[in-house]
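Colleague: As they're listed, the protein sequences go chains A and B. Residue numbers for the first sequence follow the working numbering, beginning at 24 and rising by one. Residue numbers for the second sequence follow the working numbering, beginning at 24 and rising by one. Positions of the beta carbon are idealized from the N, C-alpha and C atoms, including for glycine. Everything numeric in this text was worked out from a predicted model, so none of it was measured. Just passing along the structure, written as structure tokens.
Number of protein chains: 2
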Amino acid sequence: MGTTVRTSEDLGKVIRQRRKAAKLTQKKAAALAGIGVRFLSELERGKPTSQIGKALKVAQLLGLEIQIHER
Amino acid sequence: MGTTVRTSEDLGKVIRQRRKAAKLTQKKAAALAGIGVRFLSELERGKPTSQIGKALKVAQLLGLEIQIHER
DNA sequence: GGTAAATTGTCCCGAACGGTAATATTGGTT
DNA sequence: AACCAATATTACCGTTCGGGACAATTTACC
């Protein structure tokens, strides 16, 4: 079951949730994704100016799949 | 039917496709989404450093729904 | 309450973004 | 294929801010 993502907050929530489910700290997850801890913290908090590429990298790392379709 | 998005290129492609289907020029779409034409052009071309918030705004404008789920 | 984890401040470099204008690309027509 | 018009890309400039490292502070959890 999927979660609908409309805003960066939505995305951040899903990522945080999934990271915790994977028993990873921000530090570890960030290291694995090759990004800074600060970025991950801000991403999870829904900062809208986060870069897409890095966000997608985190999602990939966490085994999240993103689907897009017409509404 | 959904498209899986793994990279910013994937996202850009879907957005461009959908914008064209909506018969919008970048200029018009950008104006409607409240962003610059440059941003949209780069987003569609897959620039990984595009800001999430703006990208989501464009997606919303184009009637795209984003679903996220575990792989 | 003590410890691990997360947020946030500071410093700083690099780059994103907007507007505009020039250039390039694309698409339709004959 | 050549042409033209519409659309898209990009260079330039200025302003603003992202995000890295590290440290300090706050929050969460046992």
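#1: Taking all protein chains shown into account, do 16 or more other C-beta atoms lie within 10 angstroms of the C-beta of GLU93/A, making it buried, or fewer, making it exposed?
#2: First and last residue of the alpha helix (DSSP H) that includes GLN49/B?
#3: Cβ closer than 9 Å: which chain A residues qualify as neighbours of GLN49/B?
#4: Residues of chain A with CB closer than 8 Å to the CB of ALA54/B, please, in chain order.
#5: So, with DSSP's three-state summary, where would you put LEU84/B?
#6: Between ARG68/B and chain A, is any beta-carbon pair separated by less than 8 Å?
#7: Taking LEU87/A as the query, report the chain B residues whose CB atoms sit under 9 Å from its CB, ordered along the chain.
#8: Cβ of ARG42/A less than 8 Å from any chain B Cβ?
#9: Is it the case that the Cβ atoms of ARG29/B and LEU85/B are separated by a distance below 8 Å?
#10: So with Cβ pairs under 8 Å, would you call GLN79/A a contact of chain B?
#11: Return the first residue and the last residue of the alpha helix (DSSP H) that GLN74/B is part of.
#12: Can you pull the chain A residues whose beta carbon is under 9 Å from the beta carbon of ILE58/B, in chain order?
#13: Give me the Cα-Cα distance between ASP33/B and ALA56/B, rounded to the nearest whole angstrom.
#14: Looking at GLY35/A: is its Cβ nearer than 8 Å to the Cβ of ARG61/A?
Modeller: Looking at the atomic coordinates:
#1: Answer is exposed; the Cβ neighbour count stays below 16.
#2: Counting along the chain, the unbroken alpha helix (DSSP H) around GLN49/B starts and ends at 49-56.
#3: Result: empty, since nearest Cβ-Cβ is about 18 Å, beyond 9 Å.
#4: Under the 8 Å cutoff, chain A gives no residues; its nearest Cβ is about 19 Å from ALA54/B.
#5: DSSP places LEU84/B in helix when its eight states are reduced to three.
#6: For ARG68/B, no CB of chain A lies under 8 Å from its own CB, so it is not counted at the interface with that chain.
#7: Result: ILE91, HIS92, GLU93, ARG94.
#8: Chain B, which has no Cβ nearer than 8 Å to the Cβ of ARG42/A, makes this no.
#9: Taking C-beta atoms as the reference points, ARG29/B and LEU85/B fail to come closer than 8 Å.
#10: Checking the sequence, you will find Leu at residue 79/A rather than Gln. The beta carbon of LEU79/A sits closer than 8 Å to some beta carbon of chain B.
#11: DSSP places GLN74/B outside any alpha helix (DSSP H), giving it a letter other than H or E.
#12: In chain order: nothing, as chain A lies at least about 12 Å away.
#13: Answer to the nearest angstrom: the Cα atoms are 20 Å apart.
#14: No, the pair does not count as a contact, with Cβ atoms beyond the cut-off.
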